[in-house]
Amino acid sequence: MAEITFDNVSKRFGATVAVNAASFTVRDNEFFCFFGPPLSGKTTLLRLILGLEVPDEGRILIDGKDVTRTGPAARNIAMVFQNLALFPHMTARDNVRFPLVERGVPAAQITARLEEVAAKLHIGHILHKHPGQLSGGERQRVAIARALVRDPAAYLMDDPISALDARLREEARVELKRMQREAGRTLIYVTHDQEEAMSVADRMAILEQGVIRQIGTPAELYDRPATSYVAQLLGAPVMNLIPPGLFATRPGAALVGVRPEDLRVTPDPAGRAEVTGVEPLGGYTVLTLRAGESQLRVLLRGQPAFAPGQRLHLDAAEERLHHFAADGHRLAG
Ligand SMILES: Nc1ncnc2c1ncn2[C@@H]1O[C@H](COP(=O)(O)OP(=O)(O)OP(=O)(O)O)[C@@H](O)[C@H]1O
1 MAEITFDNVS KRFGATVAVN AASFTVRDNE FFCFFGPPLS GKTTLLRLIL
51 GLEVPDEGRI LIDGKDVTRT GPAARNIAMV FQNLALFPHM TARDNVRFPL
101 VERGVPAAQI TARLEEVAAK LHIGHILHKH PGQLSGGERQ RVAIARALVR
151 DPAAYLMDDP ISALDARLRE EARVELKRMQ REAGRTLIYV THDQEEAMSV
201 ADRMAILEQG VIRQIGTPAE LYDRPATSYV AQLLGAPVMN LIPPGLFATR
251 PGAALVGVRP EDLRVTPDPA GRAEVTGVEP LGGYTVLTLR AGESQLRVLL
301 RGQPAFAPGQ RLHLDAAEER LHHFAADGHR LAG
């Protein structure tokens, strides 16, 4: 089991604050995602968890034990490297065995452990192959087997499937989620891809310049973003953020947010919105509208017949509106 807690942890590199007063707990067996734009501190958080970096302030606890100043060896946390790097000259079997061979574990024990992990991840039939002979999904299984063979308390992944093409990535993330559940381990995951983060994570932490802005389930973050920054990071097309005026607005709101799928449009020659763009995408259509000074995007199911220049009636249910103060924070209620 592994529960990982950061208590007010900061890490600086010169003038750069890579991680700023981070406090959170990753629960045992949780699939936990760090999500944020480049340079927001994701990799530094992983390196702090692994023990490759020492915090300037704060404490790191694994299962309640203070490991802030212990090295990687004492933490028993495994890393699955970016793009699932496997040794190309070794068979899958030797790749998986490698972490145990390196540690001088007796051969009989290695074989037993290899069999156990291979059965769990269904890779027994491909162990004789080299990485070049494996599909993307098979390589992923082998890379995860290599991380699990040590029986780590938790494992970390830094953008592990970013090199795969879009369709393979979709398959890979479904697989990943299944493997994590089957392996029954805490998994901490970094990705740049919001859809990937939302699809795999039990909970996620949203980062902005080293600061954790919000932690929650994907649904909580999507439905009740704590700031306009979080609101715009999740969802595609992104949430419309417009000045007050177009929709009923709460006192104190500087920006009103409405997700593209929450806008309702109907043809109306006297309507206040005008279609400026139509993107039919098969299962759904994205309209771009101009309403007053604002540009908005609307997500509609199917391929409704709208055309540029057409005027529309535009509204949204009040409970689907998000109100943000001038500093970006969500207004209560
Ligand atoms: N070893 C280092 N020396 C100096 N600065 C560093 C070092 N490691 C990270 N940084 C800085 O700390 C900040 C956070 O970097 P980090 O790599 O953690 O972000 P990231 O979110 O993982 O980025 P990416 O998505 O591009 O991988 C950046 O400004 C980066 O330049």
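The UniProt record's numbering puts the sequence shown at residues 1 to 333. Glycine included, each C-beta is placed from N, C-alpha and C at the ideal position. Computed from a predicted structure; not experimentally measured.
Residue i - partner residues in DSSP beta bridges
i	result
T288	G277, R297
L148	Its beta-bridge partners do not exist; DSSP assigns none.
S10	E57
D66	L61
E208	V211
R311	E274
N240	V258
A118	BP columns for A118 are empty, so no partner.
P267	L312
L156	M79, I188
A172	A172 is not bridged to any residue.
G216	M204
residue 345	There is no way to answer for residue 345, as the model of the chain reaches only from 1 to 333.
Check: residue i C-beta below 7 Å from any heavy atom of ligand 1
i	result
L39	yes
F306	no
A18	yes
H122	no
T43	yes
F13	yes
G36	yes
H125	no
H89	no
H192	yes
Local Cβ density within 10 Å of residue i, reported as buried at 16 or more and exposed below that
i	result
H128	exposed
Q180	buried
V265	buried
S135	exposed
Q109	exposed
V19	buried
R65	According to the sequence displayed, residue 65 carries Lys and not Arg. When all chains shown are included, K65 counts as exposed.
R167	exposed
P218	buried
S23	exposed
V200	buried
T111	exposed
Q133	exposed
H322	buried
T44	buried
R259	buried
E318	exposed
R224	exposed
E279	exposed
G51	buried
G210	buried
R330	buried
A197	buried
A74	exposed
L281	exposed
F306	buried
Residues of its chain near residue i, where Cβ-Cβ distance is below 8 Å and the 5 sequence neighbours each way are ignored
i	result
L185	The sequence given here has Arg at residue 185, not Leu. So the list reads A2, N29, L148, P152, A153, A154, Y155, once near-sequence residues are dropped.
G292	G245, L246, R272
V42	In the sequence as presented, Val is not what sits at residue 42; that position holds Lys. Excluding sequence neighbours, K42 sits near F34, F35, G36, D158, V190, L207.
residue 341	The structure shown does not extend to residue 341, since the chain is modelled only from 1 through 333, so no value can be given for it.
D7	S23, G58, R59, I60, L61
L86	A92, N95, P131, R139, V142, A143, R146
Q194	F35, L233, L234, G235, A236
E53	K11, T44, R47
R97	I110, L114, V149
P269	R311
A253	P244, H323, F324, A325, L331
Spatial neighbours of residue i in its chain, beta-carbon cut-off 7 Å, leaving aside the 5 residues before and after
i	result
P55	V9, S10, K11, L48, T68
T288	T276, G277, Q295, R297
G124	A118
L221	M204, I206, Q214, V230, L234
S228	L241, L255, G257, F324, G328
L299	P237, P260, E261, Y284, V286
D315	R264
A21	N8, S10
P267	Q310, L312
Own chain, CB closer than 6 Å to residue i, minus 5 neighbours either side, in chain order
i	result
M157	V80, Y189
T5	T25, L61
L121	R141, A145
T249	V256
I161	R169, A172
D202	E30, F31
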